[in-house]
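Residue numbers (my numbering), protein chains in the order written: chain A, 1 to 635; chain B, 1001 to 1100. Glycine included, every Cβ here is placed at the ideal spot set by N, Cα and C.
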């Protein structure tokens, strides 16, 4: 395998530089060509490196390319070095493949935007940062990518910064992420102090050899997971993701569905030895993931904003990935990450296509019956919804089932039950979305209806490709019941995933079939309820709302968590800052500065009586002084 | 050979003339010229000592002083020009902003 994989992040970086410097002057066609081309080249190199990786034996993982020593201070050393192993390969392929399709889609979606070049500069910068994140061979460089994607996310959420809500959403995302990053940073510092190296191989060896105490491993694992909850929008730091939908839809698809928000899952999978060694940390991850999966699912039930439903759905699906990681089935978690990237970005792009057709309308109450106007968007959206709902033979079914089976096999029945409950909710809210948007009565405003149109091919072709992948992506990780060697994905990732000590999970064939049957029934039930509620008898939801007004308001207002955070954290901070400004800054600090100035002025005033202002007097005093000095020197 | 102290006497006379001139004259240009005379009095002393001790050091210092004096003349004249533009006068008693 020729080592050219380190070029993968550098191609988008180069493109970013060119666009950042000359972007405003270049024609739109060229910008689109370069931005998409750069990501496509990265994709080709990733593919080439992936094929190369298949040829070498697993003992040679990971392949590391050290470009240069970046920081060298005392015992500590951090290199600018990239690595390539199965986990990186999966991530790099997902980022570049999905990223490329979304870039292409953006050509159509952003065509009319004034800041066309800024958009593509940031998109390329994001791709670069994300690739640095997944390819870094040490924690410090990974953190650079981690912060880089956070910055791009902030810039792109607030892309239409003239809109007050968009600017605020960007700030919110950035600040909430900072809280998580503090945890990540502290965890990283613990590793640097106790392991003495940031390289993943050294960290793995140190933990495997048991040179870190068990409590320390748990502490580090939890701190790192705090970072993951921030980036991957899990309880309690999920609040930024729904607001992040203020950004352009391709951004929601790329950053807030397919890639960046899954960085936390990648990080946990990359540091899997911590979570395997410390069962406490593993259980915390699984439980947080399971609770988030259900909790976010319930919030998605009542939302009317098409993108917000998808946002809560993303939070919920990432919860599943964390269930996988928490119960030790890292491969299953990453597998869900990989399938989710396809169908969730598909859903977002299709939603963007709907918005495009309806002049930016987001409210599902003003849609309905769009099926006949959108002959390409509708089927692709439907495929995405079926895939995420967990209907058999599409990708989402295989990955979700792998996670739930693993949870069951590990004896985490509570987590498994929550997962099943989440699956019903998923199927229900996705098909609620479908039925409200594409079926039923038209509730479109007459003004909007005049301009209704299907999107141009530059948008529908990426949709079709993503729909294609949403269908077939699951077939590289078939459940074991079908064939003992069917799960190629598991075996591919196995060399870098550490096995827990103790029970190697084995379920009987019968139980596995039963579990699969349960997930199928659950998915179909959810779809059926949605059908019944929103097509068959549209009066039912209203009756329910009237019957349980408190529950409805609680869900509709997202459990009042935003208000609670505002009340508990934001307002006291603002009040406190105001108080300090008023009392301390204005009196003490300004007092000291002004006092110093007026004191100087006062003493200057006294001394200025010596000044006459006449040059001759100065010259005379100067002369006398010189004579006195001379006299002193001579005598 | 002319004794060194002749030069030194001339130098001292020139220096005192410059000093006194600076102190009693009222316009900046004349005072400026007086400063130049003082500088050249010092130059003369340097040259005289350089000759008597047959060393080049004194001469080199003189070159430096001439260079610095040229620069100083440029700056000084510019300042005087600006003082004139501001005050329409180059009398020293008209410029007394520093008076406390």
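When C-alpha distances from residue 12 of chain A are compared across A:91, A:208, A:121 and A:4, the shortest belongs to A:121. The shortest CA-to-CA distance from residue 231 of chain A to any of A:153, A:168, A:249 and A:206 is the one to A:153.
Under the rule that a run must span 4 or more residues, the alpha helix (DSSP H) segments found entirely inside the segment 419-492 of chain A read 446-449 and 457-472. Bounds of any alpha helix (DSSP H) do not take in residue 73 of chain A; it lies within the beta strand (DSSP E) bounded by 63-73.
Residues of chain B with a Cβ closer than 7 Å to the Cβ of residue 597 of chain A do not exist; the shortest Cβ-Cβ separation is about 19 Å.
Annotated as distal: residue 301 of chain A and residue 347 of chain A, with beta-carbon spacing of 8 Å or more.
When 9 Å is used as the limit between beta carbons, residue 602 of chain A is near no residue of chain B, the shortest such separation being about 13 Å.
With a 10 Å radius around the Cβ and a threshold of 16 neighbouring Cβ atoms, residue 86 of chain A comes out buried. Taking a Cβ-Cβ threshold of 7 Å, the residues of chain B close to residue 623 of chain A are 1019, in chain order. The C-beta of residue 399 of chain A has 16 or more other C-beta atoms within 10 Å across all chains shown, which makes the residue buried. Against chain B, the CB of residue 633 of chain A has no partner CB under 8 Å away; the residue lies outside that interface. Residue 337 of chain A sits away from residue 462 of chain A, with the two beta carbons spaced by 8 Å or more. By the criterion of at least three beta-carbon pairs nearer than 8 Å, the segment 139-151 of chain A is not in contact with the segment 45-57 of chain A. When the beta-carbon positions are compared, residue 616 of chain A and residue 1077 of chain B stay at least 8 Å from each other. Per DSSP, the beta bridge partners of residue 1091 of chain B are B:1027. Judged by DSSP in its simplified three-state form, residue 303 of chain A adopts coil rather than helix or strand. One Cα belongs to residue 440 of chain A, the other to residue 167 of chain A, and the distance between them is close to 36 Å. Setting aside the 5 residues that flank it on each side, residue 298 of chain A is surrounded in the same chain by 425 and 555, each with a C-beta closer than 8 Å to its C-beta; the list follows chain order. Between residue 169 of chain A and residue 155 of chain A, the alpha-carbon positions lie close to 10 Å from each other.
Per the C-alpha coordinates, the member of A:260, A:317 and A:380 positioned closest to residue 288 of chain A is A:317. A direct Cα-to-Cα measurement between residue 196 of chain A and residue 208 of chain A gives close to 15 Å.
According to DSSP, residue pairing for residue 83 of chain A in a beta bridge involves A:64. For residue 77 of chain A, the secondary structure class from DSSP, reduced to helix, strand or coil, is strand. The beta carbon of residue 7 of chain A is closer than 6 Å to those of 45 in its chain, skipping five residues each way along the sequence. Within 8 Å of the CB of residue 620 of chain A, the CB atoms of chain B belong to 1023, in sequence order along the chain. The beta carbon of residue 82 of chain A does not come within 8 Å of any beta carbon belonging to chain B, so the residue lies off that interface. Residue 1098 of chain B has a beta carbon lying within less than 8 Å of a beta carbon in chain A. DSSP, read as helix, strand or coil, puts residue 272 of chain A in helix. Taking 8 Å as the upper bound for CB-CB distance, residue 280 of chain A and residue 218 of chain A are in contact here, some 5 Å apart.
Using a Cβ distance threshold of 8 Å, residue 132 of chain A and residue 88 of chain A do not count as a contacting pair. Contact between residue 321 of chain A and residue 385 of chain A is absent: CB atoms are separated by about 19 Å, not below the 8 Å threshold. Linking residue 161 of chain A to residue 106 of chain A through their CA atoms gives a straight-line distance of about 18 Å. When the beta-carbon positions are compared, residue 109 of chain A and residue 249 of chain A come within less than 8 Å of each other.
Contact annotation: residue 294 of chain A and residue 418 of chain A have beta-carbon atoms nearer than 8 Å. Nearest neighbour of residue 477 of chain A by Cα position, chosen from A:29, A:467, A:227 and A:492, turns out to be A:492.
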